[in-house]
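Following: one structure in structure tokens, then a few remarks.
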Ligand code: FAD
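Numbering (this note's numbering), first residue to last: 2 to 473.
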């Protein structure tokens with residue numbers, strides 16, 4: 002049948018993956034239609050993820066730094082937190098500027114944005130239903146699925162409690178509707194710990210319960226230890242190898258029962274943040290009508306060119322698998338658009354950086370010690386402790402550590418991990434080293450400004466080379 006619109010490249014979902022793919026395809030001369038169910042572009046990352054969380058973490062950092070400076074002779078009063086003003090800044094000046102900017106960029110490139118929920122109707126057509134029920138059909142030559150993911154709901158929660166406003170997910174936690182006195186974070190992964198950091202700084206008594214044997218599962222333990230130590234000091238309680246066995250919203254609060262190695266007696270919290278992972282949106286897009294295979298979890302498998310089992314349909318971002326990170330989605334989006342334009346490219350990152358923007362930050366990329374052990378890769382490592390960094394001392398944050406992982410014999414950098422303030426920024430140098438095949442000597446011979454935290458990367462490399470002179 003006939004369609005309302007035709008696209009050479011149809012992109013479903015306007016998150017970091019989707020808008021990047023759409024913009025790149027348009028820049029390559031394609032006629033692009035971008036479908037998004039929400040009025041604001043930018044997906045999870047810009048609206049309810051990376052960006053607003055970093056705005057709140059900045060506010061949290063200002064508070065904790067001011068608090069901790071008291072020990073070194075500078076005291077301020079108790080912070081006065083104007084939630085309305087803070088929220089307005091986050092929504093209007095931070096998120097609004099970025100999402101508004103995206104709309105402008107889409108217009109400049111003649112990318113047609115169709116607002117509404119898209120579902121494939123056949124392998125070359127999608128139907129988009131807008132909020133008022135109007136259906137627009139778009140036929141396409143190629144499609145890129147970038148429909149992202151959503152927070153996993155707490156299992157076993159009675160249906161009548163699903164919408165209890167005191168049970169938060171990351172989106173409602175970011176909305177910052179009041180600061181609870183006592184808050185439980187279910188899940189000790191990056192998102193839970195970042196939000197825990199925010200609420201702790203704002204005055205809530207925060208507890209964390211994590212099923213596995215450590216915070217940030219999957220990250221090397223030596224990198225997590227300084228964060229764990231600091232959180233243990235600041236937070237009310239951290240329970241590992243423990244799960245929530247019962248969650249009962251009552252008048253006086255959320256009653257929580259724990260089960261496991263470090264379980265405490267049943268507790269009552271004002272709010273509970275559920276941060277137990279994210280689920281891909283593969284099951285909500287009519288993929289079967291297009292013949293696109295979606296696995297049991299909702300992920301869409303793709304090859305290195307981001308192609309699904311249907312040759313003219315591609316998929317990128319959170320919906321294709323881990324790690325669920327914005328910068329991964331962005332790079333995959335470029336690959337998909339370029340492959341459609343006939344370029345011989347594929348997604349072949351040697352390292353995708355992961356960063357927890359907690360305090361301290363934890364950042365890692367490439368081969369970790371944990372990976373090396375599991376896969377039997379022979380490595381050498383060098384860890385530089387920040388107690389020996391002049392800059393770390395002068396900012397009173399000596400708990401940090403910078404670790405380089407090298408291939409045995411060649412001493413090529415194949416992985417890196419950093420914990421400490423600004424670890425996320427500092428990691429970039431190591432990621433570049435990995436991609437460029439640099440070895441420890443290359444980094445050691447590169448002059449780093451003194452005194453900076455970036456020197457710790459150089460010092461770790463010098464340790465590996467046996468040329469370090471100023472380790473205390
Ligand atoms: P998404 O951003 O999920 O976008 C998908 C879009 O598709 C959405 O806008 C959705 O509305 C739309 N959509 C879905 N289905 C349909 C449909 N049927 N019809 C129309 N539209 C549809 N990552 C980082 O790299 N760094 C961080 O610091 C970071 N912090 C985070 C903090 C939080 C609290 C959360 C929740 C996530 C964070 N992430 C972070 C993860 C990051 O947000 C995601 O990896 C990223 O947004 C994935 O991009 P995407 O393009 O795959 O999909």
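Note that beta-carbon positions come from the ideal geometry of N, C-alpha and C, so glycine has one too.
- Residue pairing of residue 270 in beta bridges, as defined by DSSP: 255.
- Considering only 106, 405, 64 and 49, the residue with the shortest C-alpha distance to residue 92 is 49.
- With a threshold of 16 other beta carbon atoms within 10 Å, residue 164 falls short and is exposed.
- As computed with DSSP, residue 172 is found in no beta bridge at all.
- Under the Cβ criterion (8 Å, minimum of three pairs), the segment 334-352 counts as touching the segment 428-442.
- In the three-state reduction of the DSSP assignment, residue 276 falls in the coil class, being assigned neither a helical nor a strand state.
- According to the DSSP secondary-structure assignment, residue 151 is paired through a beta bridge with 280.
- Residue environment: residue 198 is assigned as buried (16 or more neighbouring CB atoms within 10 Å of its CB, all protein chains considered).
- Rounded to the nearest whole angstrom, the C-alpha separation of residue 294 and residue 301 is 6 Å.
- Note that the C-beta distance between residue 420 and residue 402 is below 8 Å.
- The beta carbon of residue 357 sits closer than 7 Å to the beta carbons of 191, 194, 195, 217 and 363 from its chain, once the five residues preceding and following it are set aside; these are given in chain order.
- Per DSSP, residue 386 is not a residue of any alpha helix (DSSP H); the beta strand (DSSP E) it occupies stretches across 380-386.
- Closest by C-alpha distance to residue 20, out of 221, 161, 317 and 417, is 317.
- Restricting attention to beta strand (DSSP E) runs no shorter than 3 residues, the segment 65-142 encloses them at 113-116, 118-123 and 126-130, ordered along the chain.
- In the structure shown, residue 45 falls within a helical segment according to DSSP collapsed to helix, strand and coil.
- Fewer than three pairs of CB atoms, one per stretch, sit closer than 8 Å, so the segment 26-44 makes no contact with the segment 153-172.
- Below 8 Å, enough C-beta pairs join the segment 177-187 and the segment 198-208 to call them touching: three or more.
- Relative to the non-hydrogen atoms of ligand 1, the Cβ of residue 51 comes within a distance shorter than 7 Å of at least one.
- Residue side-chain check: residue 255 keeps its Cβ at 7 Å or more from all non-hydrogen atoms of ligand 1.
- The beta carbon of residue 118 lies closer than 6 Å to those of 38 and 130 in the same chain, with the five residues before and after it left out.
- Taking 7 Å as the cut-off, one finds no heavy atom of ligand 1 near enough to the beta carbon of residue 462.
- With contact defined as three or more Cβ pairs closer than 8 Å, the segment 4-16 and the segment 145-155 are in contact.
- Looking at the DSSP output, residue 329 shares a beta bridge with no other residue.
- The DSSP-derived three-state label of residue 185 is strand.
- Setting aside the 5 residues that flank it on each side, residue 247 is surrounded in the same chain by 258, each with a C-beta closer than 6 Å to its C-beta; the list follows chain order.
- A direct Cα-Cα distance of roughly 22 Å separates residue 178 from residue 40.
- Look at residue 443 here: in three-state DSSP terms it is helix.
- Residue 471 and residue 88 have their C-alpha atoms spaced approximately 46 Å apart.
- DSSP places residue 407 in the uninterrupted beta strand (DSSP E) bounded by 402-408.
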